[in-house]
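Just add 9 to the spot in the sequence shown (first one is 1) and you have my numbering.
Single-structure report; data block below.
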Amino acid sequence: VAVGTALICASAGSAEEILDQATVALIEATEARRLHSHYAREGASSRRKNLELLGHLSRAIEERELFLEYQPKVDMRSGRTVGAEALVRWKHPTLGLIPPADFIPLAENTALIHPLTRLVFRDALEHCASLRAAGADLSIAVNLSARNLDDPNLFDDLAKMIEEMQLPPSRIELEITESAVLIGKSSVFDGLTALRAIGIRVSIDDFGTGYTSLKHLAQLPIDGIKIDRSFVGQLAHDRKVRSIVKAMIEMAKELGLFTVAEGIEDQETADELARLGCDIGQGYLFARPLGACDLDAWVSRRSQAATPAHLDGANAE
Ligand code: C2E
Ligand code: CA
Ligand code: CA
Numbered sequence: 010v011a012v013g014t015a016l017i018c019a020s021a022g023s024a025e026e027i028l029d030q031a032t033v034a035l036i037e038a039t040e041a042r043r044l045h046s047h048y049a050r051e052g053a054s055s056r057r058k059n060l061e062l063l064g065h066l067s068r069a070i071e072e073r074e075l076f077l078e079y080q081p082k083v084d085m086r087s088g089r090t091v092g093a094e095a096l097v098r099w100k101h102p103t104l105g106l107i108p109p110a111d112f113i114p115l116a117e118n119t120a121l122i123h124p125l126t127r128l129v130f131r132d133a134l135e136h137c138a139s140l141r142a143a144g145a146d147l148s149i150a151v152n153l154s155a156r157n158l159d160d161p162n163l164f165d166d167l168a169k170m171i172e173e174m175q176l177p178p179s180r181i182e183l184e185i186t187e188s189a190v191l192i193g194k195s196s197v198f199d200g201l202t203a204l205r206a207i208g209i210r211v212s213i214d215d216f217g218t219g220y221t222s223l224k225h226l227a228q229l230p231i232d233g234i235k236i237d238r239s240f241v242g243q244l245a246h247d248r249k250v251r252s253i254v255k256a257m258i259e260m261a262k263e264l265g266l267f268t269v270a271e272g273i274e275d276q277e278t279a280d281e282l283a284r285l286g287c288d289i290g291q292g293y294l295f296a297r298p299l300g301a302c303d304l305d306a307w308v309s310r311r312s313q314a315a316t317p318a319h320l321d322g323a324n325a326e
């Protein structure tokens with residue numbers, strides 16, 4: 010048990026602010042493994058600012074200040090939209106829009122990542138269901154943090170949510186970084202294996218930036234790899250990078266894994282990836298992450314004029 014306290018005085022702000030301050034103190038106490046910590050106003054270090062943001066975040070999750078954008082995924086051969094990746098955003102009432110890079114790493118250091126991930130899942134699955142009701146059979150991908158894999162109930166809860174919403178598990182994809190899968194915990198291995206057994210697909214995000222050995226890759230409970238943007242961005246201009254990407258795609262195919270390329274920004278890169286046999290593409294060339302309604306509009310526009318992705322990426326937002 011840990012306790013965080015904040016003082017209510019004449020100069021204090023709203024009740025929410027005082028609660029946020031007490032939450033900051035609680036996080037400080039938990040991190041320092043102390044029983045009690047009191048919120049002190051002085052010391053606005055970046056660490057303190059981060060902690061303040063964390064204090065707000067727990068409220069933001071409850072008050073639904075978080076929302077999702079969806080970035081479409083396109084089949085590189087047919088040009089068909091095959092799915093979308095859910096990317097979380099935070100609309101803070103006074104600080105404005107906060108990108109995930111500013112709060113996900115903070116949440117990952119605390120247990121807040123667990124309710125946050127459940128919220129993302131629920132919203133993403135609901136949107137997947139509503140797209141299906143409108144006749145669009147798309148898969149939805151959700152990002153998981155390494156820290157999520159410590160949550161013993163996550164995989165069961167996820168399977169239950171999918172069943173409750175009567176979604177085909179094959180339309181749900183988890184994007185996990187290499188380091189997360191490689192932690193090597195047998196519970197993670199077993200959990201992912203169980204999800205794959207019901208049809209959920211698992212892919213390695215930011216592939217190429219970690220340290221997966223080829224031997225390891227063949228043993229992981231995964232279905233695909235997502236080639237990191239740092240390779241995709243240089244592919245068209247750097248012969249060595251092209252060779253690396255070519256080898257990644259060939260190796261994935263040998264292992265029976267699908268390949269996704271993220272961060273495709275120009276037609277030349279899309280053409281090259283299609284030539285190399287990459288299955289699925291994603292990037293600003295096709296569309297930036299879109300609000301839920303904009304995704305629906307984008308999908309129906311694309312379905313009316315499907316052209317191979319490597320021939321037409323021109324209708325990006
Ligand atoms: P990521 O999973 O690698 O997501 C791709 C990021 O690249 C997104 O940034 C996306 O907006 C951006 N991007 C997409 N296409 C292009 C392109 O063509 N060019 C460039 N330069 N960038 C592109 P975003 O939305 O800011 O997300 C950043 C990271 O935050 C994500 O990286 C992911 O690791 C994390 N994240 C986002 N949502 C969630 C979530 O719900 N849960 C968890 N655990 N992490 C999340
Ligand atoms: Ca991702
Ligand atoms: Ca990535």
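Where is the CB? At the ideal position from N, CA and C, for every residue including glycine.
_Separation of I253 from F216, as counted between CA atoms_ = As the crow flies, the alpha-carbon of F216 is around 12 Å from that of I253.
*Could you tell me whether the Cβ atoms of N157 and T126 are closer together than 7 Å?*
In this structure, T126 lies closer than 7 Å to N157 by Cβ.
_Which of the three DSSP states is assigned to G217 in this structure?_
G217: coil per DSSP, three-state reduction.
_Assuming contact is defined by CB atoms lying nearer than 7 Å, are T90 and V97 in contact in what I supplied?_
Cβ distance not < 7 Å, so T90 and V97 don't count as in contact.
*Compute every distance between the C-beta of P81 and the non-hydrogen atoms of ligand 1, then say whether any falls below 6 Å.*
P81: no, Cβ never under 6 Å from ligand 1.
*Report yes if the C-beta distance between E61 and V33 is below 7 Å; otherwise report no.*
Against a cut-off of 7 Å, the Cβ pair of V33 and E61 comes out as a contact.
*Rank T202, R210, R251 by C-alpha distance to the C-alpha of R238 and give the top, closest one.*
The shortest C-alpha separation from R238 is found at R251.
*Cβ-heavy atom distance between T25 and ligand 3 below 6 Å?*
The amino acid at residue 25 is misidentified as Thr; the sequence shows Glu. Answer for E25: no, Cβ out of range of ligand 3.
*asked:* I'd like to confirm something about D215: is its beta-carbon nearer than 6 Å to some heavy atom of ligand 3, or not?
replied: Because some heavy atom of ligand 3 lies under 6 Å away, the Cβ of D215 counts as near it: yes.
*asked:* Relative to the C-alpha of I213, which candidate in I185, D275, A142 has its C-alpha closest?
replied: Closest by C-alpha distance to I213, out of I185, D275, A142, is I185.
*Express the C-alpha separation of I36 and T119 in angstroms, rounding to a whole number.*
Distance from the CA atom of T119 to the CA atom of I36, rounded to whole angstroms, is 8 Å.
*Three or more C-beta pairs closer than 8 Å, one from the stretch 300 to 308 and one from the stretch 263 to 272: is that the case here?*
Contact between the stretch 300 to 308 and the stretch 263 to 272 is absent, because fewer than three Cβ pairs lie under 8 Å.
*Write down every uninterrupted run of the beta strand (DSSP E) in the stretch 47 to 103 whose length is 3 residues or greater and which is fully enclosed by it, in chain order.*
Within the stretch 47 to 103, the runs of beta strand (DSSP E) at least 3 residues long that lie entirely inside it are, in chain order, 75 to 84, 90 to 101.
*Which of helix, strand or coil does DSSP assign to A143?*
A143 falls in the coil class under three-state DSSP.
*Taking the DSSP output, what are the residues bridged to H274?*
The sequence given here places Glu at residue 274; His does not occur at that position. According to DSSP, residue pairing for E274 in a beta bridge does not occur.
*Less than 7 Å separating the beta-carbons of E274 and Y293?*
The answer is yes: Cβ separation under 7 Å.
*asked:* If you reduce the DSSP assignment to three classes, tell me which class R210 lands in.
replied: Three-state result, R210: strand.
*Where does A283 fall in DSSP's three states?*
Helix at A283.
_Delimiting residues of the alpha helix (DSSP H) encompassing I113_ = Its alpha helix (DSSP H) spans residues 109 to 117.
*In three-state terms, what does DSSP make of A150?*
DSSP places A150 in strand when its eight states are reduced to three.
_Please tell me whether, using a cut-off of 6 Å, the distance from the CB of E271 to the nearest non-hydrogen atom of ligand 3 is below it._
Under cutoff, so the answer is yes.
*What is the rounded straight-line gap between the Cα of M260 and the Cα of Q276?*
Spanning the two alpha carbons is a distance of roughly 24 Å.
*For ligand 2, is there a heavy atom less than 6 Å away from the beta-carbon of N152?*
Checking the Cβ of N152 against ligand 2 gives yes.
*Could you check which residue in L153, V129, R43 has the C-alpha nearest to that of E74?*
Measuring from the Cα of E74, the nearest candidate turns out to be V129.
*Measuring alpha carbon to alpha carbon, tell me which of Y220, P177, A133, E78 ends up nearest L106.*
The shortest Cα separation from L106 among Y220, P177, A133, E78 belongs to E78.
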